[in-house]
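Working notes, beginning with the structure itself.
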Amino acid sequence: MHKTSAVGILANPAAGRDIRRLVAQASVFPLAEKCNMISRLLSALGAGGVDEVYMMPDAGGISRRLLRMLQTPSLQPRPPVTFFDMPVVDGAADTLLAVERMVEAGVGAIVVLGGDGTHRLVAQVCGDTPLTALSTGTNNVFPALREATIAGLATALVATGQVTDDGATCSNKALRVSVNGTRDLALVDICVSTALWTGSKAVWRVDSLSQLFVAFAEADAVGLSSVAGLIRPVSRRDHAGVRLDLAPPGEAAMSVTAPIAPGLVVPVGVAAVHDLLPGERQTVCAPQGVIALDGEREIEFTDGDRVAVWLDDDGPRTIDVERVMARAAHSGLLTSTDQTLSNPLQKGDSTDAAEQG
Amino acid sequence: MQLNKDDALRAYRTMKTIRVFEDRVHVEFETGEVPGFVHLYAGEEAIATGVCLHLDDGDRIASTHRGHGHCIAKGCDVRGMMAEIYGRKPGLCAGKGGSMHIADLTKGMMGANGIVGGAPPLVCGAGLAAKTLGNGRVAVGFVGDGGSNQGTTHESLNLASVWQLPCIFVVENNGYAEATSVKYSTACDDLADRASGFNMPGIVVDGHDFFEVYEVAGEAIDRARAGGGPTLIECKVNRYYGHFEGDAQTYRAPDEVENVRQNRDCIDNFAARAVSAGLVQEDDLASIDRDISDLIEDAVNLAKAAPKPEAEDLLTDVYVSY
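In order, the protein sequences belong to chains A and B.
The numbering used here puts the first sequence at residues 338 to 694.
The numbering used here puts the second sequence at residues 10 to 331.
Shown next, in the form of structure tokens:
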């Protein structure tokens with residue numbers, strides 16, 4: 338019996354409209370382009386052998402646009418798309434519910450289109466299902482800015498079982514935070530600020546920052562993790578992370594000129610640098626403030642709240658697109674041959690063919 | 010952009026005054042004593058308040074047909090507003106404007122406006138004046154999602170950007186242009202997307218969250234004052250009442266408003282967070298509640314007892330007396 342292979346596509350309609358367009362020079366990522374990306378993904382998933390695609394309905398306009406697009410003929414065959422029959426509240430709960438449904442449906446992989454914040458939500462509920470992380474947000478570190486067609490092909494090769502070796506997917510670290518027992522997570526960084534409100538979510542005023550915990554920090558990253566990336570880089574594969582104690586630049590022993598948002602390169606004061614070992618529970622120094630998860634202020638806490646942060650290696654698995662495509666090339670997964678014609682890869686054949694032509 | 014205690018109490022007083030004012034107008038309209046139409050702002054208080062807290066009397070705003078909240082947030086006299094809605098002589102426009110034309114230029118309130126999309130051209134004028142005079146003033150134009158589709162709005166966004174005027178355009182997207190869903194009537198997905206076409210920043214804000222509106226509006230206003238040019242802010246929000254009083258609202262889901270009232274009410278949300286953060290005390294808020302209750306009761310009683318304009322008042326306060 339033919340076993341169907343399914344893939345989930347989770348596209349956040351809300352990414353890319355926040356205050357960083359005002360206080361920094363962050364780009365605008367319109368829904369039309371997200372839909373174009375999904376269209377290219379669908380073509381590649383179909384070409385890679387995926388039979389079925391599941392998606393989240395949304396109030397932002399993606400599902401509406403796609404339904405219209407899917408009614409028009411396509412040069413490239415696309416797998417059928419099913420939008421879950423689920424309530425839409427136009428918020429994070431939609432993402433969580435849709436990903437749960439995708440996992441229940443047994444998808445072989447989930448393609449996520451969004452920023453660090455969207456991937457953070459997906460990671461809460463995706464379990465062992467591997468993710469293909471595609472950036473559409475503002476200052477993204479966890480997902481890659483990558484052509485959707487290639488991401489779709491790699492996803493299809495993994496979801497259909499054509500590429501199965503361990504190197505096809507990678508494990509990731511995660512930062513956990515607990516406030517009075519209620520847990521959340523971040524995939525890149527957790528920052529503590531003495532600002533009182535989540536407000537417009539983004540973090541761009543560095544004077545109020547007191548602590549920064551990073552799961553990984555790359556020297557060429559944009560966002561808060563760049564502060565650590567420029568003085569103590571840590572790769573995604575390293576065992577440990579880093580904790581920085583921050584202070585206003587004039588009061589700290591070290592000042593790092595860091596790109597904390599697109600077009601916003603500012604001095605950030607660093608008072609101390611510590612290794613952050615997995616499982617080591619960290620306390621938060623500020624008596625009151627907000628906790629930013631992957632660059633977005635999410636949790637307000639006050640004096641008396643019990644706050645703890647720690648690192649673990651139980652983050653989501655992600656598909657290594659480059660490695661999967663290299664494997665596809667090496668194993669000829671996207672290649673077919675016609676035995677009646679000479680093989681162009683055999684030595685001398687191409688020259689002969691040219692001479693004959 | 011931190012709030013101190015005085016700011017927080019002022020924000021609460023403003024939002025609560027708007028809510029109680031609108032809830033009372035809702036009740037009073039049923040009596041048949043209020044002439045004309047009224048369009049209530051309840052549910053959207055965080056927007057007017059979060060924006061206008063950054064302004065003073067020298068800054069200008071222009072409003073919509075749903076303008077009571079903007080008037081209160083900009084400092085218009087509440088008793089004068091109620092009298093105006095009742096069409097009485099002590100009203101802010103001498104009882105001759107009514108709900109949709111309340112204005113007080115001494116407060117920088119250029120008027121509610123019966124013309125959909127009427128505010129943006131007005132704030133371009135105010136913005137041009139401020140830029141010409143170099144006085145650091147800004148002008149804020151409020152417009153609904155329906156008004157955002159008007160040519161006046163698009164022309165104004167273009168002009169404000171071309172001339173780099175100190176203008177902020179606040180789109181209050183409550184989901185419906187009268188009874189028509191924004192999803193049906195608007196080609197773009199977020200109204201803020203249009204800002205790119207006019208070469209200005211476009212931000213989407215949760216219009217139920219005072220803190221978010223306050224922060225974004227503050228940054229946009231500071232930028233405009235400093236010569237940075239205009240900004241478009243789209244506030245996604247729900248109105249608690251119909252388009253107008255008497256609207257049967259058959260176009261809305263039965264539990265749509267109740268869900269927002271229960272889970273996302275801007276005033277409840279603000280009060281809970283401000284108390285939790287220790288910025289204000291519950292007693293402070295209760296005291297404000299009592300003040301507001303007395304104020305609105307007094308405003309209604311004064312309005313009802315006040316005389317209506319006389320026939321001889323018809324030809325005053327007009328550009329030309331025939």
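Ideal placement from N, C-alpha and C gives every residue a C-beta, glycine not left out.
Source: prediction; values computed, not measured.
C-alpha gap between residue i and residue j, whole angstroms
{"i": "Asp465 (chain A)", "j": "Pro653 (chain A)", "result": "7 angstroms"}
{"i": "Ala539 (chain A)", "j": "Gly632 (chain A)", "result": "6 angstroms"}
{"i": "Glu306 (chain B)", "j": "Arg299 (chain B)", "result": "11 angstroms"}
{"i": "Thr455 (chain A)", "j": "Ile399 (chain A)", "result": "15 angstroms"}
{"i": "Arg232 (chain B)", "j": "Gly238 (chain B)", "result": "7 angstroms"}
{"i": "Ser117 (chain B)", "j": "Ala92 (chain B)", "result": "Checking the displayed sequence, the identity of residue 117 (chain B) turns out to be Gly instead of Ser. Taking the straight line from one Cα to the other gives about 20 angstroms."}
{"i": "Glu635 (chain A)", "j": "Val646 (chain A)", "result": "14 angstroms"}
{"i": "Thr639 (chain A)", "j": "Gly669 (chain A)", "result": "58 angstroms"}
{"i": "Val327 (chain B)", "j": "Gly89 (chain B)", "result": "20 angstroms"}
{"i": "Ala186 (chain B)", "j": "Arg401 (chain A)", "result": "20 angstroms"}
{"i": "Ala663 (chain A)", "j": "Thr672 (chain A)", "result": "13 angstroms"}
{"i": "Val132 (chain B)", "j": "Ala609 (chain A)", "result": "50 angstroms"}
{"i": "Ala690 (chain A)", "j": "Pro414 (chain A)", "result": "Per-residue confidence for Ala690 (chain A) stands at a pLDDT of 46, beneath the threshold of 50, marking its modelled position as unreliable; the derived number appears in the next sentence. In a straight line, the C-alpha of Ala690 (chain A) is about 32 angstroms away from that of Pro414 (chain A)."}
{"i": "Ala481 (chain A)", "j": "Leu561 (chain A)", "result": "17 angstroms"}
{"i": "Thr40 (chain B)", "j": "Ile111 (chain B)", "result": "21 angstroms"}
{"i": "Arg273 (chain B)", "j": "Gly216 (chain B)", "result": "10 angstroms"}
{"i": "Gly172 (chain B)", "j": "Thr409 (chain A)", "result": "Position check: residue 172 (chain B) holds Trp in this sequence, whereas Gly was assumed. One C-alpha to the other measures close to 43 angstroms."}
{"i": "Asn310 (chain B)", "j": "Val191 (chain B)", "result": "39 angstroms"}
{"i": "Arg19 (chain B)", "j": "Asp113 (chain B)", "result": "20 angstroms"}
{"i": "Thr688 (chain A)", "j": "Leu403 (chain A)", "result": "Only weak support is given to the placement of Thr688 (chain A): the predicted model assigns it a pLDDT of 49, under 50, and the question is left unresolved by the model."}
{"i": "Gly247 (chain B)", "j": "Glu437 (chain A)", "result": "What sits at residue 247 (chain B) in the sequence shown is Asn, not Gly. Answer to the nearest angstrom: the Cα atoms are 29 angstroms apart."}
N-terminal and C-terminal residue of the alpha helix (DSSP H) that residue i is part of
{"i": "Leu458 (chain A)", "result": "453-462"}
{"i": "Leu404 (chain A)", "result": "399-407"}
{"i": "Val543 (chain A)", "result": "Where Val543 (chain A) is concerned, there is no enclosing alpha helix (DSSP H), given that its DSSP letter is neither H nor E."}
{"i": "Cys372 (chain A)", "result": "368-384"}
{"i": "Ser562 (chain A)", "result": "562-566"}
{"i": "Cys61 (chain B)", "result": "54-61"}
{"i": "Val171 (chain B)", "result": "160-171"}
{"i": "Cys133 (chain B)", "result": "128-142"}
Neighbour flag for residue i against chain B, beta carbons, 8 angstroms
{"i": "Gly398 (chain A)", "result": "yes"}
{"i": "Arg513 (chain A)", "result": "no"}
{"i": "Val449 (chain A)", "result": "no"}
{"i": "Ala598 (chain A)", "result": "no"}
{"i": "Ala348 (chain A)", "result": "no"}
{"i": "Ala532 (chain A)", "result": "yes"}
{"i": "Gln693 (chain A)", "result": "Caution applies to Gln693 (chain A), whose pLDDT of 45 falls short of 50 and renders its modelled position unreliable; the value that the coordinates give is listed next. It does not; no Cβ of chain B falls within 8 angstroms."}
{"i": "Arg457 (chain A)", "result": "no"}
{"i": "Val360 (chain A)", "result": "yes"}
{"i": "Arg654 (chain A)", "result": "no"}
Unbroken beta strand (DSSP E) run spanning residue i, endpoints
{"i": "Met118 (chain B)", "result": "From DSSP, Met118 (chain B) is part of no beta strand (DSSP E); its letter is neither H nor E."}
{"i": "Lys245 (chain B)", "result": "240-245"}
{"i": "Phe279 (chain B)", "result": "Note, Phe279 (chain B): premise wrong, no beta strand (DSSP E); alpha helix (DSSP H) at 275-285."}
{"i": "Phe420 (chain A)", "result": "418-420"}
{"i": "Thr469 (chain A)", "result": "468-472"}
{"i": "Met392 (chain A)", "result": "389-392"}
{"i": "Leu347 (chain A)", "result": "343-348"}
{"i": "Phe178 (chain B)", "result": "176-182"}
Residues that DSSP places opposite residue i in a beta bridge
{"i": "Gly606 (chain A)", "result": "A:Ala584, A:Ser592"}
{"i": "Ile70 (chain B)", "result": "B:Met118, B:Val149"}
{"i": "Ile212 (chain B)", "result": "B:Ile242"}
{"i": "Arg634 (chain A)", "result": "A:Ala629"}
{"i": "Arg520 (chain A)", "result": "A:Ser515"}
{"i": "Met109 (chain B)", "result": "Paired residues: none, contrary to the question."}
{"i": "Gln548 (chain A)", "result": "A:Val529, A:Asp582"}
{"i": "Gln619 (chain A)", "result": "A:Val646"}
{"i": "Cys85 (chain B)", "result": "BP columns for Cys85 (chain B) are empty, so no partner."}
{"i": "Asp612 (chain A)", "result": "A:Val579"}
{"i": "Ala598 (chain A)", "result": "A:Leu601"}
Any chain A beta carbon closer than 8 angstroms to residue i
{"i": "Ile111 (chain B)", "result": "no"}
{"i": "Ser194 (chain B)", "result": "no"}
{"i": "Pro210 (chain B)", "result": "yes"}
{"i": "Ala286 (chain B)", "result": "yes"}
{"i": "Thr240 (chain B)", "result": "yes"}
{"i": "Val225 (chain B)", "result": "yes"}
Per the contact definition of three or more C-beta pairs closer than 8 angstroms, is the segment 218-225 of chain B in contact with the segment 365-374 of chain A?
-> Touching, no, given that fewer than three Cβ pairs across the two stretches are closer than 8 angstroms.
Mind the definition here: the segment 243-256 of chain B touches the segment 485-501 of chain A only if three or more C-beta pairs lie below 8 angstroms; say whether that holds.
-> Three or more beta-carbon pairs separated by less than 8 angstroms are not found between the segment 243-256 of chain B and the segment 485-501 of chain A, which leaves the two stretches without contact.
Specify whether the segment 549-560 of chain A and the segment 500-513 of chain A touch according to this definition: at least 3 beta carbon pairs, one from each stretch, less than 8 angstroms apart.
-> The answer is yes - the segment 500-513 of chain A touches the segment 549-560 of chain A, with three or more Cβ pairs under 8 angstroms.
Is there contact here, the segment 25-38 of chain B with the segment 67-81 of chain B, by at least three beta-carbon pairs under 8 angstroms?
-> Because the criterion of three Cβ pairs below 8 angstroms is met, the segment 25-38 of chain B and the segment 67-81 of chain B touch.
The segment 354-363 of chain A contacting the segment 457-473 of chain A, beta-carbon criterion three pairs below 8 angstroms = Below 8 angstroms, too few C-beta pairs join the segment 354-363 of chain A and the segment 457-473 of chain A to call them touching: fewer than three.
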